[in-house]
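Trainee: Residue numbers (full-length UniProt numbering): 1 to 298.
I have a structure I would like to understand better, so I am pasting it below and will then ask my questions one at a time.
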C-alpha cells in the first residue's frame, strides 16, 4: 500500500528548489550537494508519477503540477514553521516547576532564591514542596531536586550536584550542650538522639562512617519529617542528625553546633528530569546549583 505522503525530506528539497527555481541555490541553502537535491526531486517525481520541473535553456522552470505542489508545500511548511515557533516561544516562557523536599526548600533553596532569580532571569522558576515520597516522574514537574543513591534509572536524566555529608547538630540552648563540647563522638552514646522516620538509617550510617558501633546509639524523640527534626534541634530539644547543606546557614549563624563535623554517605544531592525532555533549562539550573554548592563546601 502506497504512503499518503511522500518523503518529507523530498518535499522540503522540492519546496526550496521551487521557491528559488534553482536546484543549485537550493543545495546551497540546504547545505547539501546539487546531486542530493536532484535525487530528492527525482524520487518525488517518481512517487507522484509526474514531472515537477522542465528544462528551459540552461535552467529549469516549474510545470503546472510543480506550481501546484509548490503552493501547497509552501503553505504547509509555513504552517509548520509558525507552529514550531509558537511552541518554542511558549516553552521559553512556560514555568519551570521544581519539586523538592520541604526541608531542602526552606533551609537551602529559599535563602538563595533571590540570587538564583537574578543570575538565571529567564528560568521562570516555580517551586513545589513535598515531605512525602518524591516522584521525579510526576506529570507537570519539570525537575526534582532530592538526595538519592545510584544507580540511576535509564529513563531519567540525573545531574549529580554534591555528595551528601551528614553529622550530629544541636543548639547552644540545649541543656546538655556544655557537656558535649570538646568530647569524643562516643559521648553521644549517653544521649537520647532525635531522629526522623523519613530517614531511619541516618544515625546508624553516621556511626559506621565515624567508626562507632550503631548498636550503642539510643533513639529518643522521633519526628515524621526532617524539617520538624531540625526545628526541634533549633528549639534546644536535643541532638539531631542532618545533611550539612541543610544546616550550614544555622551553623554559620551560631544557631546550631556541629562539634564532630560531617561524614560522607552513598547519597548525592541530585537534579532529576525526564530523559525525553529538553535539557536546556535543567542543565542551566544544575550548573548553577553545582557551582553554589561547591562554593559553600569550600
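C-beta: ideal position from N, C-alpha, C; glycine also.
Apart from the five residues on each side of it in sequence, which residues of its chain come closer than 6 angstroms, Cβ to Cβ, to residue 2?
Mentor: Since pLDDT at residue 2 reaches only 46, below the 50 mark, its modelled position is unreliable, and the value read off the structure follows with that caveat. Around residue 2: no qualifying Cβ.
Trainee: Exposed or buried, which one is residue 144 when buried takes at least 16 other CB atoms within 10 Å?
Mentor: Buried, by the Cβ-count rule.
Trainee: First and last residue of the beta strand (DSSP E) that includes residue 166?
Mentor: Segment 156-169, the beta strand (DSSP E) holding residue 166.
Trainee: By how many angstroms is the C-alpha of residue 260 removed from the C-alpha of residue 168?
Mentor: Their backbone Cα atoms lie some 7 angstroms apart in a straight line.
Trainee: Relative to the C-alpha of residue 146, which candidate in 20, 161, 139, 121 has its C-alpha closest?
Mentor: The residue with the shortest Cα to Cα distance from residue 146 is 161.
Trainee: Which residues bound the beta strand (DSSP E) around residue 267?
Mentor: Run containing residue 267: 263-274, per the beta strand (DSSP E) assignment.
Trainee: In chain order, which continuous runs of the beta strand (DSSP E) of length 3 or greater are located wholly inside the UniProt domain "HTH lysR-type" (6-63)?
Mentor: Runs of the beta strand (DSSP E) inside the UniProt domain "HTH lysR-type" (6-63): 53-56, 59-62.
Trainee: Put residue 225 into one of helix, strand or coil per three-state DSSP.
Mentor: In the structure shown, residue 225 sits in coil (DSSP, three-state: anything other than H, G, I, E or B).
Trainee: Run the CB neighbour count on residue 46, radius 10 Å, all protein chains shown included, and call it buried at 16 or more, exposed below.
Mentor: Classification for residue 46: exposed.
Trainee: My output table needs one value for residue 101: the three-state DSSP class, helix, strand or coil.
Mentor: Residue 101 falls in the strand class under three-state DSSP.
Trainee: Taking just the CA atoms, how far does residue 78 sit from residue 84?
Mentor: Taking the straight line from one Cα to the other gives about 10 angstroms.
Trainee: Look at the Cβ atom of residue 134, then the Cβ atom of residue 99, and state whether they are nearer than 8 angstroms.
Mentor: Contact flag set, yes.
Trainee: State yes or no: is the C-beta of residue 269 within less than 8 angstroms of the C-beta of residue 164?
Mentor: Yes, they are a contact pair.
Trainee: If we ignore side chains and look at the alpha-carbon of each, how far apart do residue 192 and residue 248 end up?
Mentor: The alpha-carbon atoms of residue 192 and residue 248 are separated by roughly 23 angstroms.
Trainee: Look at the alpha carbon of residue 20 and the alpha carbon of residue 7, and state the distance between them as a whole number of angstroms.
Mentor: One C-alpha to the other measures close to 20 angstroms.
Trainee: Does the stretch 100-113 come close enough to the stretch 220-228 that 3 or more CB-CB pairs lie under 8 angstroms?
Mentor: The stretch 220-228, when compared against the stretch 100-113, does touch it at the 8 angstroms Cβ threshold.
Trainee: Report the three-state DSSP secondary structure of residue 145 (helix, strand or coil).
Mentor: In the structure shown, residue 145 sits in a strand (DSSP, three-state: E or B).
Trainee: Looking only at its own chain, which residues have a Cβ that is under 8 angstroms from the Cβ of residue 52, when we skip the five neighbours before and after it?
Mentor: Excluding positions up to five away in sequence, the list reads 14, 18, 41, 44, 45, 62, 63, 65, 66, 69.
Trainee: Roughly how many whole angstroms lie between the Cα atoms of residue 221 and residue 279?
Mentor: One C-alpha to the other measures close to 42 angstroms.
Trainee: Could you check whether residue 142 and residue 96 sit closer than 8 angstroms to each other, using their CB atoms as the reference points?
Mentor: In this structure, residue 142 lies closer than 8 angstroms to residue 96 by Cβ.
Trainee: Starting from the C-beta of residue 31, find all residues in its chain whose C-beta is less than 7 angstroms away, skip the five residues before and the five after it, and write them out in chain order.
Mentor: No residues qualify anywhere along the chain.
Trainee: The alpha helix (DSSP H) spanning residue 278 covers which residue range?
Mentor: Where residue 278 is concerned, there is no enclosing alpha helix (DSSP H), given that its DSSP letter is neither H nor E.
Trainee: Using only the alpha-carbon positions, how far apart do residue 113 and residue 94 sit?
Mentor: The straight-line gap from Cα to Cα measures roughly 19 angstroms.
Trainee: Helix or strand or just coil, what does DSSP make of residue 299?
Mentor: No answer is possible for residue 299: it lies beyond the span of the chain, which begins at 1 and ends at 298.
Trainee: Assuming residue 252 is part of the alpha helix (DSSP H), what are its boundary residues?
Mentor: Its alpha helix (DSSP H) spans residues 244-252.
Trainee: What is the DSSP secondary structure of residue 220, counted as helix, strand or coil?
Mentor: Residue 220: strand per DSSP, three-state reduction.
Trainee: In chain order, what residues of the same chain lie with their CB nearer than 8 angstroms to the CB of residue 254, ignoring the 5 residues before and after it?
Mentor: Correct list, in chain order: 172.
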